[in-house]
Amino acid sequence: MNFQLTEEHEMIRQAARDYAQRELIKDVIERDETATYPTQHVKALSELGFMGMLVDPKYDGGGMDTISYVLAMEEISKVDASVSVIMSVNNSLVCYGIEKYGTEEQKEKFLKPLARGEKIGAFLLSEPEAGSDATSQRTTAEDKGDYYLLNGTKNWITNGYTAGTYLVIAQTHPEKRHKGINAFIVDRHAEGISVGPHENKMGMRSSDTHSVMFTDVKVPKENRIGEDGFGFKFAMKTLEGGRIGIAAQALGLASGALERSIQYAKERKAFGTEIANHQAIAFKLSDMAVKVENARNLVLKAAWLKDQGMEYGTTSAMAKQYAADIAMEVTTEAVQIHGGYGYVKEYHVERLMREAKLTQIYEGTSEIQKIVISRSLLKD
Amino acid sequence: MKILVCISNVPDTTTRIKLAGDKKSVETNGVQWIINPWDELALTRAMELSEQNAGSIQSISVVSVGDASVEPTLRKALAVGANEAIRVNLVPADSYSVAVQLAEVVKQENPDLVLLGIESSDFNSSGVGAMLAELLGFASASSVSSLELSSSGLTIKREVEGGTEQLECPLPAILSVQKGIALEPRIPAMRGIMMARSKPLKVVEPVAVEPLSEWIELELPEAKSACKMIPEDNAKELIRLLHEEAKVI
Numbered sequence: 001m002n003f004q005l006t007e008e009h010e011m012i013r014q015a016a017r018d019y020a021q022r023e024l025i026k027d028v029i030e031r032d033e034t035a036t037y038p039t040q041h042v043k044a045l046s047e048l049g050f051m052g053m054l055v056d057p058k059y060d061g062g063g064m065d066t067i068s069y070v071l072a073m074e075e076i077s078k079v080d081a082s083v084s085v086i087m088s089v090n091n092s093l094v095c096y097g098i099e100k101y102g103t104e105e106q107k108e109k110f111l112k113p114l115a116r117g118e119k120i121g122a123f124l125l126s127e128p129e130a131g132s133d134a135t136s137q138r139t140t141a142e143d144k145g146d147y148y149l150l151n152g153t154k155n156w157i158t159n160g161y162t163a164g165t166y167l168v169i170a171q172t173h174p175e176k177r178h179k180g181i182n183a184f185i186v187d188r189h190a191e192g193i194s195v196g197p198h199e200n201k202m203g204m205r206s207s208d209t210h211s212v213m214f215t216d217v218k219v220p221k222e223n224r225i226g227e228d229g230f231g232f233k234f235a236m237k238t239l240e241g242g243r244i245g246i247a248a249q250a251l252g253l254a255s256g257a258l259e260r261s262i263q264y265a266k267e268r269k270a271f272g273t274e275i276a277n278h279q280a281i282a283f284k285l286s287d288m289a290v291k292v293e294n295a296r297n298l299v300l301k302a303a304w305l306k307d308q309g310m311e312y313g314t315t316s317a318m319a320k321q322y323a324a325d326i327a328m329e330v331t332t333e334a335v336q337i338h339g340g341y342g343y344v345k346e347y348h349v350e351r352l353m354r355e356a357k358l359t360q361i362y363e364g365t366s367e368i369q370k371i372v373i374s375r376s377l378l379k380d
Numbered sequence: 001m002k003i004l005v006c007i008s009n010v011p012d013t014t015t016r017i018k019l020a021g022d023k024k025s026v027e028t029n030g031v032q033w034i035i036n037p038w039d040e041l042a043l044t045r046a047m048e049l050s051e052q053n054a055g056s057i058q059s060i061s062v063v064s065v066g067d068a069s070v071e072p073t074l075r076k077a078l079a080v081g082a083n084e085a086i087r088v089n090l091v092p093a094d095s096y097s098v099a100v101q102l103a104e105v106v107k108q109e110n111p112d113l114v115l116l117g118i119e120s121s122d123f124n125s126s127g128v129g130a131m132l133a134e135l136l137g138f139a140s141a142s143s144v145s146s147l148e149l150s151s152s153g154l155t156i157k158r159e160v161e162g163g164t165e166q167l168e169c170p171l172p173a174i175l176s177v178q179k180g181i182a183l184e185p186r187i188p189a190m191r192g193i194m195m196a197r198s199k200p201l202k203v204v205e206p207v208a209v210e211p212l213s214e215w216i217e218l219e220l221p222e223a224k225s226a227c228k229m230i231p232e233d234n235a236k237e238l239i240r241l242l243h244e245e246a247k248v249i
């Protein structure tokens with residue numbers, strides 16, 4: 001056992017922290033209010049290599065391990081979860097999916113620009129009537145010989161408008177149910193794709209979430225990932241890794257709220273002393289710190305298992321469910337500690353609380369994670 | 001041209017400083033270490049010069065005097081873009097000890113230009129730059145806030161009372177730099193961090209040196225008193241407090 005981060009891990013954590021505390025903090029409140037996409041930040045983070053940090057350097061990535069990735073995700077998320085969700089989708093869903101399961105040609109053509117951050121990716125699984133129940137895909141990919149014809153609608157798509165490359169999950173053989181599903185790499189600007197309006201969300205407002213409509217969109221056959229019918233398994237395996245990213249994001253929201261609460265409690269005075277000297281507040285901080293520490297250990301363990309090439313699906317589900325649930329609790333307590341100041345935007349914690357809510361919902365709700373965890377406990 | 005940037009490893013500027021039991025040193029347990037911010041600006045300017053004058057700067061080296069605990073800081077300098085790092089294996093006792101060790105490194109490495117921060121943010125002695133120049137007989141300038149390469153060497157600007165002066169400086173030279181010399185310090189990119197793994201970090205043994213000064217005792221400054229907020233329409237109260245409590249007017 002060794003809980004010590006390496007020198008390099010520490011350097012990556014510090015690099016992410018420096019960028020977040022120096023740059024993201026400047027306009028995070030304004031971007032949240034105006035729901036403005038963080039174009040300049042995505043460009044800067046791409047240049048620093050954060051958008052493709054897990055990808056092998058031979059495909060222009062940063063070649064970092066999953067531990068490095070969760071450390072960076074935590075630090076970015078302490079300040080701006082809208083930016084970290086862009087980073088998470090690009091790294092752990094789109095780049096990972098293509099790198100792990102794509103052909104050499106697909107990696108050359110699609111993975112390299114994604115790893116460099118020149119293009120951003122989006123993962124199109126959810127539909128108006130298929131969220132948690134991902135087997136009920138209504139979007140169809142009809143086999144037309146040398147190409148597929150895509151028709152249908154995808155919902156809640158992070159990077160839906162700004163992405164250059166889509167990973168689309170669609171049904172080719174409805175009679176085979178989930179075994180008939182395929183995954184495709186699709187050019188966002190292909191003919192027949194239209195993007196709905198920006199969803200007016202409660203939190204993560206600076207990331208662009210859209211519905212995407214496909215009308216007779218031709219997708220070359222070589223853009224299918226894996227064998228015919230591999231799509232559902234592809235989506236589930238990719239989401240296993242994606243969960244680590246969102247778990248790290250939830251952890252960052254919680255630890256960011258804790259950092260702000262500690263600072264505030266040491267400065268704010270009530271009844272003649274700093275509020276940190278009142279046990280009611282000190283015990284809240286203590287409870288928050290225990291939850292954050294537990295979440296961090298779970299997230300790092302899931303990342304470590306993945307880096308070791310060991311089975312990590314159940315642990316990543318535990319990390320995602322626990323970190324998301326405590327993020328909601330910790331950010332809510334942070335608002336309480338800040339009192340009236342916590343309820344106004346300048347102090348950040350109300351935004352962290354709004355953003356924490358989404359981590360319990362997307363990339364597998366907390367309830368879905370419990371299904372994953374309990375099934376692994378109960379299987380023979 | 002070869003540039004050598006001298007780096008001091010200092011506690012993060014937000015660290016709450018505690019004195020060690022002997023009252024002659026600082027408690028290092030739990031301290032986050034960083035590149036001295038002024039040295040970081042020197043390194044940033046070296047990188048900028050290298051990019052702006054393609055081909056004219058062959059290498060940028062960094063050097064620090066300290067035990068193995070300074071290596072993460074040197075490794076960060078490599079990740080930011082320095083080509084090689086040197087650590088002189090000595091925990092220095094004073095500015096003079098540092099200057100003597102750095103002078104030896106300069107003699108070995110033969111840089112054309114040595115850059116360092118105007119001071120280190122831990123002991124703030126501002127002594128090393130001038131001592132190093134004296135030991136080596138190099139041209140030197142302090143408080144440099146602008147640095148460009150010129151046909152005869154360097155064009156520099158430095159802060160003086162009431163304004164700035166512009167100087168031409170021959171090489172080899174030692175400059176201590178301050179704010180304004182470079183844009184913001186750089187954040188290392190993933191590629192830089194990866195490349196830093198294979199860049200050389202060599203450790204050299206120190207030469208014998210007798211410190212010229214000795215720490216007798218350190219003490220912490222008095223805690224700042226609480227800030228009093230006075231409503232903007234109550235200038236009278238402000239004047240009363242400045243007069244009667246702060247006793248500054």
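Protein sequence lines correspond, in order, to chains A and B. Going by the numbering used here, the first sequence opens with residue 1, and the numbers climb by one from there. Going by the numbering used here, the second sequence opens with residue 1, and the numbers climb by one from there. No residue lacks a Cβ here, since even glycine has one placed at the ideal position from N, Cα and C. Note that the structure is a prediction, hence the values are computed from the model and not measured.
Use the C-beta contact count for residue i: other C-beta atoms within 10 angstroms, 16 or more gives buried, fewer gives exposed.
| i | result |
| --- | --- |
| cysteine 169 of chain B | buried |
| glutamine 358 of chain A | Reading off the sequence shown, one finds leucine at residue 358 of chain A, where the question assumed glutamine. That one is buried. |
| isoleucine 371 of chain A | exposed |
| glutamate 8 of chain A | buried |
| glycine 163 of chain B | exposed |
| lysine 236 of chain B | exposed |
| asparagine 110 of chain B | exposed |
| threonine 34 of chain A | exposed |
| glutamate 127 of chain A | buried |
| phenylalanine 123 of chain A | buried |
| lysine 224 of chain B | exposed |
| glycine 30 of chain B | exposed |
| glutamate 119 of chain B | buried |
| asparagine 200 of chain A | exposed |
| histidine 41 of chain A | buried |
Report back the beta-carbon spacing between residue i and residue j to the nearest angstrom; my notes put them in contact at under 8 Å.
| i | j | result |
| --- | --- | --- |
| methionine 204 of chain A | alanine 79 of chain B | Their Cβ separation, rounded to whole angstroms, is 31 Å, which puts methionine 204 of chain A and alanine 79 of chain B out of contact at 8 Å. |
| proline 188 of chain B | glutamate 40 of chain B | The pair is not a contact, with the Cβ atoms about 11 Å apart (cut-off 8 Å). |
| glycine 313 of chain A | methionine 73 of chain A | Glycine 313 of chain A to methionine 73 of chain A, Cβ: 19 Å. No contact. |
| isoleucine 225 of chain A | tyrosine 101 of chain A | 5 Å |
| methionine 87 of chain A | isoleucine 98 of chain A | Not confirmed; about 16 Å, so no contact. |
| methionine 51 of chain A | glycine 117 of chain A | 3 Å |
| tyrosine 148 of chain A | histidine 210 of chain A | Not really, about 22 Å apart at Cβ, beyond 8 Å. |
| glycine 388 of chain A | valine 70 of chain A | Because chain A is modelled from 1 through 380, residue 388 of chain A falls outside the range shown and cannot be assessed. |
| arginine 191 of chain B | glycine 152 of chain A | Contact doesn't hold; Cβ gap of about 39 Å is too wide. |
| leucine 102 of chain B | arginine 45 of chain B | With a Cβ gap of about 18 Å, leucine 102 of chain B and arginine 45 of chain B do not count as contacting. |
| leucine 171 of chain B | leucine 113 of chain B | 6 Å |
| leucine 212 of chain B | aspartate 94 of chain B | 6 Å |
| arginine 188 of chain A | threonine 165 of chain A | 6 Å |
| serine 64 of chain B | threonine 73 of chain B | 7 Å |
| lysine 76 of chain B | glutamate 217 of chain B | At roughly 33 Å, the Cβ-Cβ gap does not stay under 8 Å, so lysine 76 of chain B and glutamate 217 of chain B are not in contact. |
| glutamate 159 of chain B | serine 145 of chain B | 6 Å |
On the DSSP bridge assignment, give the partners of residue i in chain order.
| i | result |
| --- | --- |
| serine 176 of chain B | B/Leu116 |
| glutamate 367 of chain A | According to DSSP, glutamate 367 of chain A bridges with nothing at all. |
| glutamate 84 of chain B | B/Ser61 |
| leucine 167 of chain A | A/Phe123, A/Ile185 |
| alanine 270 of chain A | A/Thr273 |
| threonine 314 of chain A | Partner(s): none; threonine 314 of chain A has no beta bridge. |
| cysteine 6 of chain B | B/Val63 |
| isoleucine 35 of chain B | B/Asn9 |
| glutamine 321 of chain A | In DSSP, glutamine 321 of chain A forms no bridge with anything. |
| histidine 9 of chain A | For histidine 9 of chain A, which the question treats as bridged, DSSP gives no partner whatsoever. |
| valine 292 of chain A | The partner list for valine 292 of chain A (beta bridge, DSSP) is empty, contrary to what the question assumes. |
Please compile the residues from chain D whose C-beta is within a distance smaller than 7 Å of the C-beta of residue i.
| i | result |
| --- | --- |
| tyrosine 19 of chain A | Among the protein chains of the structure shown, namely A and B, there is no chain D. |
| task | Please confirm if the stretch 6-13 of chain B is in contact with the stretch 230-240 of chain A, defined as three or more CB-CB distances below 8 Å between the two stretches. | result | no
| request: Answer yes if the stretch 317-336 of chain A comes into contact with the stretch 239-248 of chain A, meaning at least three C-beta pairs across the two stretches below 8 Å, and no otherwise. | output: yes
| At which residue ranges does the stretch 104-157 of chain B contain complete alpha helix (DSSP H) runs of 4 or more residues, listed in the order of the chain? | 128-136
| field | the stretch 203-213 of chain B / the stretch 83-94 of chain B touching (three or more Cβ pairs under 8 Å) | value | yes
| Quick one: any contact between the stretch 27-43 of chain B and the stretch 170-183 of chain B, if contact means 3 or more CB pairs under 8 Å? | yes
| query | Where are the beta strand (DSSP E) runs, 3 residues long or more, that stay fully inside the stretch 27-73 of chain A, in chain order? | reply | none
| request: May I have a chain-ordered list of the beta strand (DSSP E) segments no shorter than 3 residues that lie completely inside the stretch 77-165 of chain A? | output: 121-124, 140-143, 147-158
| task | Let me know the beta strand (DSSP E) ranges lying completely inside the stretch 181-215 of chain B, each 3 residues or longer, listed in chain order. | result | 201-204
| Taking contact to mean at least 3 C-beta pairs separated by less than 8 Å, is the stretch 253-264 of chain A in contact with the stretch 346-353 of chain A? | yes
| said: Please give me, in chain order, every unbroken run of the beta strand (DSSP E) with length at least 3 that falls completely inside the stretch 325-367 of chain A. | reply: none
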